[in-house]
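Each residue of the sequence shown is one higher than the one before, starting from 867 at the first, in my numbering. Positions of the beta carbon are idealized from the N, C-alpha and C atoms, including for glycine.
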Amino acid sequence: MPTTLQCKKISLAEIDFSDQTFNLEPFPDSPFQDDSLVSSITRNGILHPPIVKENSNRFTIVTGRKRLRIALEHLQLKSCNTLYLSDKISNQDCLEITLEDTLIRRKLTPVEQAIFLRKSLQWLPEEQVIDRFIPLLGISPYKHDIKEFLKLLKMEDVFILALHEGNLDLNVAFILTDLQPPDRQRILAIITRLKLSIGYQKKLAQSAIELARRSGTTVSAILAEPEVDEILAHPEANPPQICANLMEWLTKKRYPRLSKAEQSFHKLTASLDLPKGVKVSHIPSFEKDNLTLTIELVNQNELAEKWPLIKKAITRR
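Structural data, given as structure tokens:
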């Protein structure tokens, strides 16, 4: 790893912007939208020089791609001060600089972690990648988990973007990698539309997969049933209500016995006409028939006053 960098002013025309060797962004050619960075560089110039590596007669970007794009595309500059690495520095060392530069500012997204692993494995044996970089990335050191990260990059762009932007949970993404494209597309469409929380994302994916397995059909078929379409297309329900209705449908569909027990319990409590401050609760998932009666009292005096009647009512004869 190099310990010093040389400062050098270079022509932007000498930079090969098409070279993505050290870039961890999943969509490097997407339109640039960071207005705050544009404004900052317009006012004060580039405060943190980009790092470039010499490559024949051109330069490859190691860090600072956005800053260089702003200089070229927005400010129409001809040259820029950079920190310069000679071509003797290995690609892996340069990639490590990219990693460290990013970690100074923020954690890598799961997609960036996967891209870093894929690039590193081009130049280093897997064991060296695990020993040298896994602690920095903060992910599991097991080879199986590394392969799971690499599988993320084989999904369609819409999934990679959702994961990169934080709209798709990583563990749910791992689940989706094992599904056929139409199945995971249906799940992601619902996640995106309803902006599901991590818990609901997981419930949606796991429930749909389990129901498809039981029925011998596909996930997309399960999530295209008329009841689901009706829930999603409800004209008066807002997204939280639609989400609640969908989760309720999934629970009833996945656990029909539990659903029947829930309905029976609600029917019972409704028939009791419980007064204010009195509640009846059941054991989670109705694992036992036991019920709990809760009576809310204002204070100790009320308890002392009403206890004789309560005791008489519950005393077995």
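With 16 as the cutoff for other CB atoms within 10 Å, does residue 933 come out buried or exposed? buried
DSSP state of residue 1036, grouped into three classes? For residue 1036, the secondary structure class from DSSP, reduced to helix, strand or coil, is helix.
Where does residue 1166 land, buried or exposed, given buried means 16+ other C-beta within 10 angstroms? Under this definition residue 1166 is an exposed residue.
Quick one, are the C-beta atoms of residue 1028 and residue 1053 less than 7 Å apart? no
Do residue 1018 and residue 980 have their C-beta atoms within less than 7 Å of each other? yes
Boundaries of the beta strand (DSSP E) in which residue 951 is found, first to last residue: Its beta strand (DSSP E) spans residues 945–951.
Buried or exposed by the 16-neighbour rule on C-beta atoms within 10 Å, applied to residue 930: buried
Determine the closest residue to residue 1078 out of 1089, 1069, 1068, with distance taken between C-alpha atoms. Answer by Cα proximity: 1089.
If you measure between the beta carbons of residue 1143 and residue 1114, is that distance less than 7 Å? no
If you compare alpha carbons, which of 925, 910, 915 is closest to residue 886? 925
Reducing DSSP to helix, strand and coil, say where residue 1017 ends up. helix
Closest Cα partner of residue 819 within the set 948, 895, 911: A query on residue 819 cannot be resolved here, the shown segment of the chain reaching from 867 to 1183 and no further.
Three-state class that DSSP yields for residue 872 in the structure shown: strand
Exposure label - residue 1107; buried when at least 16 CB within 10 Å: exposed
Sub-7 Å separation of residue 1067 and residue 1023 beta-carbons: no
DSSP-derived helix/strand/coil call for residue 1180: helix
Could you tell me if residue 910 is buried or exposed, where buried requires 16 or more neighbouring beta carbons within 10 angstroms of its beta carbon? exposed
To which residues of the same chain is residue 975 closer than 6 Å at the C-beta, ignoring the five residues directly before and after it? 1030
Assuming contact is defined by CB atoms lying nearer than 7 Å, are residue 1006 and residue 995 in contact in what I supplied? no
Exposure of residue 1164, with buried meaning 16 or more beta-carbon neighbours within 10 Å: So residue 1164 ends up on the exposed side.
8 Å Cβ shell around residue 914 - same chain, five flanking residues per side excluded: 930, 933
Quick one, which of 917, 970, 1132, 907 has its alpha-carbon nearest residue 881's? 917
Of the residues 891, 945, 889, 892, the one placed nearest residue 879, counting alpha carbons only: 945
With 16 other CB atoms within 10 Å as the buried threshold, where does residue 1083 fall? exposed
Cutoff 6 Å; reference residue 952; Cβ partners in own chain excluding five residues on either side: 920
Could you tell me the distance, in whole angstroms, from the CA atom of residue 1145 to the CA atom of residue 1110? Computed Cα separation, rounded: 23 Å.
Verify whether the separation of the beta carbon atoms of residue 968 and residue 888 is less than 7 Å. no
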